[in-house]
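Here's the structure, in structure tokens; my notes come after.
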Amino acid sequence: MAINDLEDLEKLTILKAQMDSFSIKDLCAGQFPTVGEDDTVSDVLGAMRKSGFQEIPVVSGGNYVGMVKYSTLLRKKSAIPSTKVKAVMTNLPTLTCISGVTEIAEIMVKENCRQLAVLDGKKIVDVVTRNKIVGIASRMKALKDYKVWEIMTSPVVTAKETEMLSEAIETMIDLDIRTLPIIDRLGNLSGVLGMKEVIENSWKAGERSVSTLNKNPSNQIPVSTIAVTNVLTVDWEDSIAQVAAIMADKNISTLPVMDGDEIVGVVTEFDIVELIANCVEREGLFVQISGLSEEDRVYSDAMYSDIQNEMSKITKIVKPESLNIHVARYNETGDRKKYSLIGKLFYNGRVLNAKQIGWDLIQANKDLLKKFEEAIKSDKDRISSTRRRK
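Numbering that gives the first Met the number 0 puts the sequence shown at residues 0 to 389.
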């Protein structure tokens with residue numbers, strides 16, 4: 000969402016004040032699963048399947064020691080059902096009982112996570128969930144004035160009904176997404192495939208490995224076989240508050256966005272939390288890079304430097320307001336790692352989406368930024384040409 004005038008700024012300032020009026024207790028799950036360091040990946044998947052959580056706290060001797068993220072299991076080719084939790088857990092930031100809502104939203108965006116542990120000393124006392132934040136957002140009057148099209152991702156990636164499930168899973172892993180809209184031969188929305196359905200299908204077949212989901216025998220079937228066909232959708236002119244209410248009430252993280260009978264995008268819990276994280280007025284361009292693994296964070300300075308250089312060029316054409324880049328790592332082979340970067344640039348009341356895949360993180364970031372520059376130049380040329388014709 001871009002800030003176009005004083006009225007927009009006032010609305011976002013009000014949104015921040017409204018969100019931060021809630022305490023961390025309003026965001027907590029109350030009940031949550033845990034696993035031990037010596038538990039296995041199979042144990043983790045069982046806990047995720049039962050609870051619906053995609054990040055599970057790891058405890059040792061009653062103390063919190065880390066998190067196991069579903070996204071990590073998807074990327075780690077070496078993770079098999081018997082792999083110990085301590086080999087796949089990660090260090091996510093933790094919260095205290097005085098953490099603010101917008102602060103928590105920023106952490107969730109930066110780490111691309113759905114759950115965060117709340118500690119009292121070293122003891123875990125609760126877990127904050129992304130869905131709870133979205134639930135609070137649904138009650139915010141400030142979000143009734145903004146439309147879905149302002150934050151949705153478009154164009155949307157889809158899979159055909161006849162596409163093999165293994166191919167759809169590969170797409171989901173590559174893009175680091177958990178839900179994929181399914182279309183029929185005419186291009187109409189016919190269903191939705193979620194990782195929940197994928198895991199359930201593999202679980203029933205006795206397959207407990209996540210890192211080889213796309214190769215599991217049970218996934219050599221058309222996506223239509225297990226896709227959910229009773230699909231909830233939203234209209235692109237619906238308010239963000241309406242969408243947040245549906246997500247919170249139905250515990251749905253992703254909704255297809257429609258313009259009549261045509262699917263024009265998807266909107267996610269992440270999009271709403273990202274909006275909350277960005278509702279603070281900042282001097283200059285706000286840049287957020289999320290999804291970097293611990294070992295890849297050494298490249299963040301170089302990435303930010305390239306962003307600064309590229310944005311200085313773009314600033315001569317338009318006024319960029321915020322840039323969010325999400326990094327996903329997959330297809331790890333030995334020391335080689337492939338990266339998928341998805342960027343969202345807010346400028347002049349518009350949202351520009353771009354994607355780049357590559358083996359070199361720094362180069363992929365440069366190529367992504369170049370796509371933004373080329374798209375903005377193309378848009379400027381189009382507008383200039385239209386004016387000349389008039």
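Cβ coordinates follow ideal geometry from the N, Cα and C atoms, glycine included.
>> Please give me, in chain order, every unbroken run of the beta strand (DSSP E) with length at least 3 that falls completely inside the stretch 122 to 169.
In response: 122 to 128
> Along the chain, where does the beta strand (DSSP E) that runs through V286 open and close?
Replying inline: As a working mapping, residue 286 is identified with position 287 in the sequence shown. V286 -> beta strand (DSSP E) spans F285 to S289.
> Looking at the structure shown, is R349 part of a helix, part of a strand, or coil, going by DSSP?
Replying inline: Position 350 of the sequence shown, counted from the first residue, corresponds to residue 349. Looking at R349 - three-state DSSP - the assignment turns out to be strand.
> Could you give the C-beta distance for N111 and G290, rounded to a whole number, given that I count them as a contact under 8 Å?
Replying inline: Translated into positions along the sequence shown, residue 111 becomes position 112. Translated into positions along the sequence shown, residue 290 becomes position 291. Sure, about 5 Å apart at Cβ, within 8 Å.
> When DSSP labels each residue in this structure, what does L322 get in the three-state scheme?
Replying inline: Mapped onto the sequence shown, residue 322 falls at position 323. Of the three classes helix, strand and coil, the one that applies to L322 here is strand, per DSSP.
> Which word fits E105, buried or exposed, when buried means at least 16 other C-beta atoms lie within 10 angstroms of its C-beta?
Replying inline: Along the sequence shown, read from residue 1 onward, the residue named residue 105 stands at position 106. Burial call: buried.
>> Going by DSSP, what residue range makes up the beta strand (DSSP E) through K85?
In response: Translated into the one-based positions of the sequence shown, residue 85 becomes position 86. Where K85 is concerned, there is no enclosing beta strand (DSSP E), given that its DSSP letter is neither H nor E.
> Are there 16 or more other CB atoms within 10 angstroms of the CB of L185, so buried, or fewer, so exposed?
Replying inline: One-based indexing of the sequence shown puts residue 185 at position 186. Classification for L185: exposed.
> Does the Cβ of G51 have 16 or more other Cβ atoms within 10 Å, making it buried, or fewer, making it exposed?
Replying inline: Counted from its first residue, the sequence shown places residue 51 at position 52. Counting Cβ neighbours within 10 Å, G51 comes out exposed, since fewer than 16 surround it.
> Is L335 helix, strand or coil when you go by DSSP?
Replying inline: As a position in the sequence shown, residue 335 is number 336, starting the count at 1. A small fix is needed here, since residue 335 is Arg in this sequence, not Leu. Residue state, collapsed to three classes: strand.
> Quick one: what does DSSP say P255 is sitting in, helix, strand or coil?
Replying inline: Numbered from 1 along the sequence shown, position 256 holds the residue referred to as residue 255. If DSSP states are grouped into helix, strand and coil, P255 belongs with the strands.
> Going by C-alpha distance, which of K376, N250, M18 and V117 is nearest M66?
Replying inline: Sequence index remark: in the sequence shown, residue 66 carries index 67 (1-based). Minimum Cα distance to M66 is reached at V117.
> Are there three or more Cβ pairs, one per stretch, closer than 8 Å when the stretch 225 to 233 is compared with the stretch 250 to 267?
Replying inline: yes
>> I need the straight-line Cα distance from Y303 to P216, nearest angstrom please.
In response: One-based indexing of the sequence shown puts residue 303 at position 304. One-based indexing of the sequence shown puts residue 216 at position 217. If I take the Cα positions, the gap works out to 42 Å.
> What three-state label does DSSP hand P32 in the structure shown?
Replying inline: As a first step, residue 32 must be located in the sequence shown, where it is residue number 33. The answer is coil: DSSP assigns P32 none of H, G, I, E or B.
>> Here's the rule I'm using: 16 or more other beta-carbon atoms within 10 Å means buried, otherwise exposed. How should N308 be labelled?
In response: Position 309 of the sequence shown, counting from 1, holds the residue named residue 308. Classification for N308: exposed.
>> In whole angstroms, give me the CA-to-CA distance for T161 and L14.
In response: For the purposes of this step, residue 161 is identified with residue 162 of the sequence shown, where counting begins at 1. For the purposes of this step, residue 14 is identified with residue 15 of the sequence shown, where counting begins at 1. Each residue's alpha carbon lies about 44 Å from the other.
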